[in-house]
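Here is the structure we will look at, set down as structure tokens.
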Amino acid sequence: MRTHVVDHPLVAHKLTTLRDQATDSSTFRRLTDELVTLLAYEATRAVRVEAVTITTPVAQANGIKLSTPKPLVVPILRAGLGMLDGMMRLLPTSEVGFLGMIRNEETLQASTYAERLPEDLSGRQCYVLDPMLATGGTLAAAIRFLTDRGADDITCITLLAAPEGLANLEAALEGLAVPVAIVTAALDERLDENGYIVPGLGDAGDRLYGVAH
Ligand code: URA
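Just add 2 to the spot in the sequence shown (first one is 1) and you have our numbering.
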């Protein structure tokens, strides 16, 4: 598993406002959108392309286009939805599959409650969107779900990651033949006793969409 912490002053600047508890939901949504577009630029460095020749008004030119099948973008509901527009801005022709996962706040175990994805993901490059890599349980389950359907290259984009979560994820994916990359805006200090990232930004879903009961 490869982890890439995007080191850029604009990313750090936007993330600082995002973390601030005084930032309201609409600003939080806008900043998430902007941040994901910046992260997506890094995360798509290895997007699959193929060579094409086109004709300019002057001459023939060699170029590239995105390969087929197109990448699949997978936001993890609910908080990953806040990252979808920012991602699609850079990959507007990709397809989108939805995966609903919920974390039991006592056991911290992730389970799937909804899915809308192609049955066959053979040869598909997937971009998984989940703002918080906390314990790593949700992403481990999502990655297994996608590779079980044949996905052969997975990049996860997160806003924050915890060291414990990265270590758990690495252990959970041991032996998996599919390459997995994590692209994140920051690697925080630790998890607290409730599985929240410290210093973090709180509950990403609640901050995007309001408190869910
Ligand atoms: N999920 C969140 O929304 N925030 C955390 O800090 C950890 C998990």
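Yeah, the Cβ is synthetic: ideal placement off N, Cα and C, and Gly gets one too. Keep in mind that this is a model prediction, so the values were computed, not measured.
Should Ala116 be labelled buried (16 or more other beta-carbon atoms within 10 Å of its own) or exposed? exposed
Output needed for Gln111: all residues of its chain with C-beta closer than 8 Å, excluding positions within five of it in sequence on either side, in chain order. Arg105, Gly139, listed in sequence order.
Any heavy atom of the ligand URA closer than 7 Å to the CB of Thr115? The amino acid occupying residue 115 in the given sequence is Tyr; Thr does not appear at that position. Result no, Cβ not under 7 Å from the ligand URA.
How many whole angstroms separate the CB atoms of Leu171 and Leu141, which I take to be in contact at a CB cut-off of 8 Å? 6 Å
For Glu166, which residues from the same chain have a beta carbon less than 6 Å from its beta carbon, with the 5 sequence-adjacent residues on both sides left out? Leu193
Report all residues for which the CB-ligand distance to some heavy atom of the ligand URA is below 5 Å; order them along the chain. Going down the chain, each residue whose beta-carbon is closer than 5 Å to a heavy atom of the ligand URA shows up: Met134, Ala136, Tyr198, Ile199, Gly202, Asp205, Ala206.
Would a C-beta distance cut-off of 8 Å place Arg118 and Asp154 closer than the cut-off? no
Own chain partners of Arg91 with C-beta closer than 6 Å, once the 5 adjacent residues on each side are dropped: Thr39
Is Tyr198 helix, strand or coil when you go by DSSP? Correct three-state label for Tyr198: coil.
Answer yes or no: do Arg151 and Asp122 have a C-beta to C-beta separation smaller than 8 Å? With contacts defined as CB atoms closer than 8 Å, Arg151 and Asp122 qualify as a contacting pair.
Shortest alpha-carbon distance to Pro11 belongs to which of Val180, Pro201, Ala187, Glu191? Distance from the Cα of Pro11 is smallest, within the candidate group Val180, Pro201, Ala187, Glu191, for Ala187.
For His15, which of helix, strand or coil comes out of DSSP? helix
Beta-carbon within less than 6 Å of Val213's beta-carbon, same chain only, minus the 5 sequence neighbours each way: which residues are those? none
Shortest alpha-carbon distance to Tyr129 belongs to which of Thr160, Val76, Leu168, Ile145? Val76
What is the C-beta distance between Thr95 and Leu68, in whole angstroms, given that I count them as a contact (C-beta under 8 Å)? The distance from the Cβ of Thr95 to that of Leu68 is about 6 Å, consistent with a contact at the 8 Å cut-off.
Mind checking which residues open and close the beta strand (DSSP E) that includes Met103? 100 to 105
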